[in-house]
Structures are given as C-alpha cells and as structure tokens.
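These notes concern the structure reproduced below.
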C-alpha cells in the first residue's frame with residue numbers, strides 16, 4: 002500500500018447530492034442508487050466530499066461514471082474535470098474494523114503522513130473516494146473491500162495558474178523568466194525542491210512586476226478552490242440577511258459561519274471588509290508559548306510554514322497574495338464580481354501572529 006501521483010482525465014457522470022455521517026451510509030446509498038444506473042455504468046462509483054462536517058454530517062456528491070450524453074431521471078449530468086491527485090488504494094474495511102485497518106485510519110496514517118513528510122501542497126477540493134469493490138462484490142466481507150482515496154495535488158494547479166497569470170499581466174517573455182525551471186518540479190514528490198523553486202519564482206515575480214496590485218492579481222488565481230459547502234453557506238446567509246452587508250458580517254461573526262474574524266472598516270475613502278484569518282490549528286495556537294509556535298500553528302501553508310520555521314530562510318510576503326485569492330472567491334459569492342483583496346499583514350513578517358486581509362467593498366453594498 003503506497004501513495005502515487007497521477008492525473009485523472011475528465012469523467013462523464015450522473016450525480017446526486019446527499020449528506021452522510023459515515024462511509025457505511027455512503028456505500029448503502031450507492032447500493033440503492035446503483036440499481037437505477039447499473040445498465041449504463043462505465044466505471045466504479047465515486048463519492049466527492051464537498052466540505053467539512055456540520056451537525057455530524059458532510060455534504061457529498063455521489064457520481065456514477067457513464068458515457069457522454071447519457072441522462073437518467075433523478076440524476077444531474079456533468080463532467081468531473083481533469084485533476085492531478087495523490088492516490089492510495091486501500092484493501093480493508095471502510096469502518097468498524099480493527100484499529101488501524103479502516104479507510105479513515107489509513108487516510109491519516111499513510112496518505113496524510115506521506116504528504117506531510119514530503120512537504121507537498123495538497124487539499125484542493127473535492128476529495129474523491131472510488132469504490133472499486135464493496136458489498137456488491139464481497140457481501141459482508143469488508144476485509145476484502147477495495148477503496149481508492151484520490152486527494153487533489155494542488156501544486157500542478159498552482160503552477161499553471163502562476164504561468165497564466167504572469168503571461169496575462171506581464172507578457173510571455175516575463176512569464177518565461179518567472180517560470181524558469183518549473184518543468185522539473187511539476188510531477189515530482191520532492192517538496193524541498195518545490196519550495197526552493199517557489200522561493201526563486203517569487204523573487205523573480207517581485208523583480209519583473211513592480212506593482213503590488215499586479216502581483217496580487219497573479220497570485221490570487223493560484224489559491225485553493227473555494228469549498229462548495231462554504232460557498233453555499235455564505236450565499237444562504239446573504240439571502241437570509243436580505244442582502245444587508247452589515248447584517249451579514251454580524252451574522253458571520255456571531256455564528257462563526259466562516260471561522261475567521263470579519264468586520265467593516267469605514268475609516269478611509271473606501272469601505273473595507275477586514276478579515277483576520279483563523280489559526281489553522283486552534284488548540285496548538287492557544288497553547289503556544291512563543292511567537293514562533295503561534296505563527297506555525299496559525300499558518301495553513303506548508304511552504305510559508307517552512308520559511309517561518311527555518312532561521313535565515315526568507316520568503317517574500319508577496320507569496321501570501323495566494324491566500325488572498327481565497328477571499329476573492331469567498332466574496333465573489335456575495336458581490337457577484339471578483340473584488341480587490343489587499344494583503345494587510347502576513348505571517349511571514351516578524352511581528353505578526355495572524356494573516357490579515359482587506360476586501361474592497363464595491364459601491365452600494367454598505368448602507369447607512
């Protein structure tokens with residue numbers, strides 16, 4: 002049982018949305034739905050995780066591979082995009098087996114451990130579970146079940162977005178200089194080499210493009226894709242608040258809908274939606290005894306964390322405009338257009354314990 006990196010080609014599927022509390026519930030629902038599509042299946046069923054646990058359940062999309070153009074009542078017809086993934090094939094129970102043998106156990110002990118050990122950038126949603134062999138093949142003999150975890154590898158997406166953005170903003174020649182050497186790291190598993198290349202690329206980006214706003218526009222597009230479930234939560238709150246931004250920000254804060262701290266700053270010529278990003282590991286952050294420990298607990302990015310941790314290793318704050326792209330996507334859900342997001346403070350800076358951003362609020366959204 003080992004982790005590999007591979008590229009998954011686009012897959013045509015029929016899909017449904019459901020909420021589940023366990024892998025057992027997922028497989029049971031797949032068994033029920035399979036009877037409606039068994040005659041047209043071209044591959045094993047897939048469950049795509051669309052968010053985090055809420056009220057004990059997680060939103061999933063159950064997808065059944067079919068030929069292009071096939072339709073069936075009760076199912077949505079769509080195409081899952083091309084994606085680079087970490088793959089781990091598990092033979093054993095989904096849950097309920099001996100400790101260490103279940104799907105969730107190996108997901109943490111093997112897949113996540115591999116990603117951490119190699120300092121790789123993962124986690125672009127959604128995560129996929131492929132049910133190659135289950136109850137339909139082995140009945141109740143769960144030790145024989147074969148399930149593949151496909152966890153998105155963000156770095157190829159990041160590199161493509163960086164190159165496209167640099168080309169769009171600065172032209173082909175500048176983009177070529179910024180991306181020099183990237184072909185050597187696209188498919189590898191050497192996180193240290195990737196980190197070294199990124200340090201150099203950000204230095205070249207700073208040199209080639211003088212305006213911070215232009216650098217931000219490039220790196221904003223490199224961010225992880227916004228979580229489907231969180232986007233739906235924000236859109237629903239926006240509707241519930243009657244499109245009142247002040248009320249929405251208050252609701253987000255009081256109900257901790259998005260986790261981070263949000264407030265409106267009207268002290269300048271333009272109203273700004275201020276965001277202080279929540280720590281990646283809250284318990285470790287609360288227990289931290291030093292500023293370094295706080296920074297490491299607060300930071301989400303393995304590349305930035307490495308720079309924070311290693312004395313003498315510097316990474317330009319420009320890099321954190323990538324994180325700003327998360328909030329571009331977040332607030333596009335409300336404003337209907339991509340807002341400007343400014344980097345106010347970065348954990349890469351010495352006296353900072355949390356990253357802070359400012360979203361420029363479009364005209365007409367702040368009402369007196």
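Numbering (the working numbering), first residue to last: 2 to 369.
Note that beta-carbon positions come from the ideal geometry of N, C-alpha and C, so glycine has one too.
- Message: Using 8 Å for Cβ pairs, my map puts residue 63 next to residue 28. What's the rounded Cβ distance?
- Response: That pair is no contact at about 10 Å.
- Task: Would you kindly report the start and end of the unbroken beta strand (DSSP E) that includes residue 262?
- Result: 262 to 266
- Are the Cβ atoms of residue 79 and residue 21 separated by less than 7 Å? no
- Item | Counterpart residues of residue 5 in DSSP-defined beta bridges | 88
- Message: Using 7 Å as the threshold, is the C-beta distance between residue 298 and residue 285 below it?
- Response: yes
- Alpha carbon to alpha carbon, how far is residue 307 from residue 5? Give it in angstroms, no decimals. 23 Å
- Same chain, Cβ closer than 7 Å to residue 123, five either side skipped, listed in chain order: 87, 116, 152, 153, 154 and 155
- Start-end ranges of the beta strand (DSSP E) lying completely within the stretch 48 to 120, minimum 3 residues: 59 to 66, 77 to 81 and 84 to 92
- Look up residue 137 in the DSSP assignment and say whether it is helix, strand or coil. helix
- Query: How do the stretch 194 to 210 and the stretch 124 to 136 stand: do at least 3 beta-carbon pairs fall below 8 Å, yes or no?
  - Reply: Not touching, per the Cβ criterion.
- Report the partner residues of residue 180 according to the DSSP bridge assignment. Paired residues: none, contrary to the question.
- Query: Buried or exposed: where does residue 332 fall if 16 or more other Cβ atoms within 10 Å of its Cβ makes it buried?
  - Reply: buried
- Segment contact flag, the stretch 311 to 325 with the stretch 208 to 222, C-beta cutoff 8 Å, min 3 pairs: In short, these stretches touch, since the Cβ pair count reaches three.
- Buried versus exposed, by CB contacts within 10 Å (16 or more), residue 43: exposed
- Since residue 24 contacts residue 95 with CB under 8 Å, what's their CB separation in whole angstroms? 4 Å
- Message: Determine whether the beta carbon atoms of residue 242 and residue 248 lie at a separation below 7 Å.
- Response: For residue 242 and residue 248, yes; Cβs fall inside 7 Å.
- Item | Nonlocal neighbours in the same chain, by C-beta distance under 8 Å from residue 35, ignoring five residues either side | 42, 46, 65 and 137
- Contact set for residue 30: own chain, Cβ-Cβ below 8 Å, skip 5 residues either direction: Hits under 8 Å: 19, 21 and 63.
- Three-state secondary structure (DSSP) at residue 200? Looking at residue 200 - three-state DSSP - the assignment turns out to be helix.
- Near residue 193, what residues of its chain come up, given a Cβ to Cβ distance below 8 Å and the 5 sequence neighbours on each side ignored? 120
- Take residue 336 as the anchor and find which of 105, 361, 33 and 357 has the nearest alpha-carbon. 361
- Query: Distance, Cα to Cα, residue 75 vs residue 51?
  - Reply: 20 Å
- Contact set for residue 166: own chain, Cβ-Cβ below 6 Å, skip 5 residues either direction: 219 and 222
- Query: Under 7 Å, do residue 278 and residue 355 count as touching if we go by C-beta distance?
  - Reply: yes
- Item | Cα-Cα separation, residue 283 to residue 256 | 17 Å
- Item | Length of the line joining the Cα atoms of residue 340 and residue 98 | Cα to Cα, the separation comes out at about 48 Å.
- Item | Runs of beta strand (DSSP E) lying entirely within the stretch 206 to 277, each at least 3 residues, in chain order | 262 to 266 and 273 to 277
- Query: Counting along the chain, where does the alpha helix (DSSP H) carrying residue 294 start and finish?
  - Reply: 292 to 299
- Message: Helix, strand or coil for residue 43? Go by DSSP, reduced to three states.
- Response: Three-state result, residue 43: coil.
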